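Here is the structure we will look at, set down as structure tokens.
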Amino acid sequence: MKAVLKLNVEDWSKFETSFASRKSAREAAGIDALAYRGADNPNVVVVFGTVASKESFFEFMGSAEQQQAMKNATIQGPPDITFLEG
212 MKAVLKLNVE DWSKFETSFA SRKSAREAAG IDALAYRGAD NPNVVVVFGT VASKESFFEF
272 MGSAEQQQAM KNATIQGPPD ITFLEG
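Take the position in the sequence shown, starting the count at 1, then add 211; the result is the number in this note's numbering.
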């Protein structure tokens, strides 16, 4: 299953560092993802990923470690999440 997340960040550099540091945690949860920043607005980030299931994705996103990582990444508000099949 594919997942697309759109989110706003306060600081791309902090987001990028935090995102990179969580790669092994994402992999352990069955998530493979790449992040891109907006060409016109670097504070808009889109993450494209493959997830094992919606349930495992939300379990990972809801973990205390991931919630802290999202704060460290300067994410502003909840992400807009779309799941895709095909």
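Glycine included, each C-beta is placed from N, C-alpha and C at the ideal position.
If you're wondering where the values come from, they're calculated on a predicted model, not measured in any experiment.
Span separating the alpha-carbon of residue i from that of residue j
i      : j      : result
Ser235 : Gln279 : 16 Å
Ser267 : Ala240 : 7 Å
Gln277 : Ser229 : 10 Å
Trp223 : Lys282 : 13 Å
Reference residue i, options the options, closest by Cα
i      : options                : result
Ala263 : Ser274, Ala244, Thr228 : Ala244
Reduced DSSP category for residue i - H, G, I as helix; E, B as strand; rest coil
i      : result
Ala246 : strand
Gly273 : helix
Thr228 : helix
Asn283 : helix
Ala236 : helix
Residue i and residue j closer than 9 Å at C-beta
i      : j      : result
Ala214 : Thr261 : yes
Val256 : Phe226 : yes
Asn254 : Glu221 : yes
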